[in-house]
């Protein structure tokens, strides 16, 4: 017999209830149901917490997010991707490198933060949030306190930018493409980027997701680069910490990106009809809804309050500088 406490079904039920509540609330509140799902989850999680019997199911929210991302591949027009491909790739590489260098310089030069923490902040804010923090931590021998410090800082900015970016996008009158690419280039974690993009518009969400997945693909390269840098700094004494080349890249690579690309290719061959594409898009929206309910439940305000001032200032200054420059460039290009 399956132990109810170990079953994922009760927790998934919680995600479904929050998602349905968000959809109902969106009929009277002029806000995206995806954003409302996060807000409801945040309120419930911080007022009442997540009970043991629901924790396993609530923890599946990352799977729903990845599933929704894969299904969204069917909605992306391949010719648009091909046309924008070289430009987007150059923008991603330039933004990632600029963010890393800016955070590293601020952390070490202006704020005197320990080297490992600065590197974790740089990886998290430049590539894919907490996932990049964890992946990089293993290659630079960061301890648990340093990981927690950097992760809490990244989560703080995930929460802030999730609400701030759509508001700023509407305030500045940004086009769907400019907003989507801007969010995909400069926000941190995949969940908040996706939520902010689709909260702005469907087209903006598709661009945000496309750009963010391109950034995510760099996670393995960044972890290896940091490992080699720290090994060199230590005189080559940490050979055991060298990631395993191609194998490490594959291990770090977010596999759901391949599903996204595969479904995008299939959809653009014309095999799927209009009704089928609409069904996939509708299914992706529901998966995102449940994923964002779990994202809200995962946000702990008390943990965010424990973040030190220095790392917050480092990431804040870097985010303002990089996002401003990116926005100017994007409005010029598009």
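Residue numbers (my numbering): 3 to 336. We put the beta carbon where it would ideally sit given N, CA and C, even for glycine.
In this structure residue 154 is not in contact with residue 122, their Cβ atoms being roughly 11 Å apart against a cut-off of 8 Å.
The region 87 to 94 makes no contact with the region 134 to 150, as fewer than three CB pairs between them are under 8 Å. Three or more Cβ pairs closer than 8 Å define a contact, and the region 162 to 170 meets that threshold against the region 26 to 46. Judged by DSSP in its simplified three-state form, residue 162 adopts helix. The C-beta separation of residue 71 from residue 42 comes to about 22 Å, leaving the pair out of contact by the 8 Å criterion. For the set 324, 139, 284, 63, the Cα lying nearest the Cα of residue 15 is the one of 63.
Contact between the region 281 to 298 and the region 102 to 118 is absent: fewer than 3 CB-CB pairs across the two stretches fall below 8 Å.
Cβ contact annotation for residue 228 (same chain, cutoff 8 Å, sequence separation greater than five): 121, 125, 138, 141, 142, in chain order. Per DSSP, reduced to three states, the secondary structure at residue 145 is coil, with no helix or strand assignment. Nearest neighbour of residue 13 by Cα position, chosen from 95, 51, 32, turns out to be 51. Going by C-alpha positions, residue 290 is about 28 Å away from residue 322. A Cβ-Cβ contact shorter than 9 Å links residue 164 with residue 189. Under the three-state reduction of DSSP, residue 218 is assigned to helix.
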